[in-house]
Structures are given as structure tokens and as C-alpha cells.
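Sequential numbering of the sequence shown, starting at 1, is according to UniProt numbering. Below is one structure; the comments refer to it alone.
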Amino acid sequence: RDTGGKLYWFEVGGGIYQDTFDKQTPLSMRDFRAAYVDQLASSQMQLIYLANTKYLDDLTNFCKAFLGVAVEEAYLYTADRAGFSVFALREGTENQWREYRFPFAREVVSLEDFESMLTTMVAEEKLGREEEAKKQKGDHASGTEAGNAGGGGSHNVRPGTME
1 RDTGGKLYWF
11 EVGGGIYQDT
21 FDKQTPLSMR
31 DFRAAYVDQL
41 ASSQMQLIYL
51 ANTKYLDDLT
61 NFCKAFLGVA
71 VEEAYLYTAD
81 RAGFSVFALR
91 EGTENQWREY
101 RFPFAREVVS
111 LEDFESMLTT
121 MVAEEKLGRE
131 EEAKKQKGDH
141 ASGTEAGNAG
151 GGGSHNVRPG
161 TME
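Now the structure itself:
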């Protein structure tokens with residue numbers, strides 16, 4: 001658009017951050033300038049591709065094991081140094097997709113570190129299933145039925161800790 005030779009200068013004094021729950025938080029320019037780019041930002045597409053190909057089945061298992069939520073499908077859509085988020089279709093629902101966040105036990109700084117954390121989570125999830133199977137087998141042998149108070153035999157540890 002022709003401005004008649006005039007130069008316009010904008011000075012932004014702040015902004016508003018709106019999270020996924022529609023909570024709004026004012027931001028000053030000092031806050032904005034103090035922020036830094038997440039170390040995984042440049043690898044975002046590679047992380048998403050890796051998780052949604054090599055670890056696709058594991059994402060659904062993570063929902064049950066770490067969150068106690070049974071899902072039919074789960075897809076990673078974002079990751080950062082503190083964890084990752086998936087969209088997942090709740091089991092037994094027609095079209096009820098929800099967002100779930102998986103925090104890491106420590107900061108992740110590279111694609112290799114991210115994959116290492118996923119591999120650790122796979123091992124933890126598998127260990128949890130094995131422990132649950134042993135518990136159920138022992139309960140059946142003694143003639144008692146195991147209760148399922150933990151959301152379906154979930155292995156309730158913080159992902160990435162192997163605790």
C-alpha cells in the first residue's frame with residue numbers, strides 16, 4: 001500500500017500468552033527478550049517423524065502405563081526439552097481426542113537424547129507390564145483376583161527415571 005513516503009515505526013510493549021486451557025498471561029517485553037529458543041526447536045520435524053514412525057505403538061502404551069488412560073491411537077505433535085505432547089483417541093469413544101503431556105525426568109538437549117529418553121520409557125513400560133503379569137499370575141495361583149485401582153495396571157513412575 002502506498003504510504004505517501006511516510007515510514008511507520010511500531011514499538012511493541014508487551015503481549016499475551018494464551019495456553020491450551022485459554023488461560024491468558026500478560027507478557028512484558030523484558031520477559032519476551034529474556035526467553036530463549038528451545039534446543040529441540042530446530043529438530044522438531046525429525047522428532048515428530050521419529051516418534052510417529054519408530055515409536056508409534058509405544059505412544060499408545062505410554063498413555064496406559066504412565067497416565068492410566070487407555071487409548072486406541074496416539075500421535076506425538078510437539079516436543080521440547082521438558083517433555084512431549086500427544087493427541088490420543090480415548091478407547092471406547094467415537095471421536096474423543098485429548099491432549100496428553102509426558103514430562104521428562106531431566107532436560108533433553110538433542111535428537112539423540114530424545115530418542116534415548118523414548119527408549120528408556122519403552123523399557124519402563126515393558127517392565128511395568130511384566131510386573132503386572134507376574135502379580136496377576138501370582139494372584140490367580142493363590143485364588144484371589146487383583147484389584148485394578150491404578151488405572152488398569154499402570155506402571156506409575158515419572159517417564160525416564162527407571163524408578
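Think of the CB as a built atom: it goes at the ideal place given N, C-alpha and C, for glycine as much as any other residue.
Task: Close-in-space but distant-in-sequence residues of the same chain around residue 52 (CB under 7 angstroms, 5 per side omitted) - done: Excluding sequence positions up to five before and after residue 52, its CB lies within less than 7 angstroms of the CB of 75 and 76, all in the same chain and listed in chain order.
Task: Per-residue burial, residue 37 [other beta carbons within 10 Å of its own, 16 or more giving buried] - done: Taking all protein chains in view, the Cβ of residue 37 is surrounded by fewer than 16 other Cβ atoms within 10 Å, so the residue is classified as exposed.
Open item on the list: Quick check on the DSSP output: what are the complete beta strand (DSSP E) runs of length 3 or more inside the region 41-92, in order along the chain?
Closed with: Inside the region 41-92, DSSP marks whole beta strand (DSSP E) runs of 3 or more residues at positions 71-80 and 83-90, from first to last along the chain.
- [ ] Please name the residue or residues paired with residue 24 in a DSSP beta bridge.
- [x] Note: residue 24 sits in a beta bridge opposite 18.
- [ ] On the DSSP bridge assignment, give the partners of residue 106 in chain order.
- [x] DSSP output for residue 106 lists no bridge partner at all.
- [ ] Throw me the rounded Cβ distance for the residue 58 and residue 122 pair, which I believe falls under 8 angstroms.
- [x] Correct: roughly 5 angstroms between the Cβ atoms.
Open item on the list: Considering only their Cβ atoms, is the gap separating residue 114 from residue 83 smaller than 8 angstroms?
Closed with: With contacts defined by Cβ atoms closer than 8 angstroms, residue 83 and residue 114 do not form a contacting pair.
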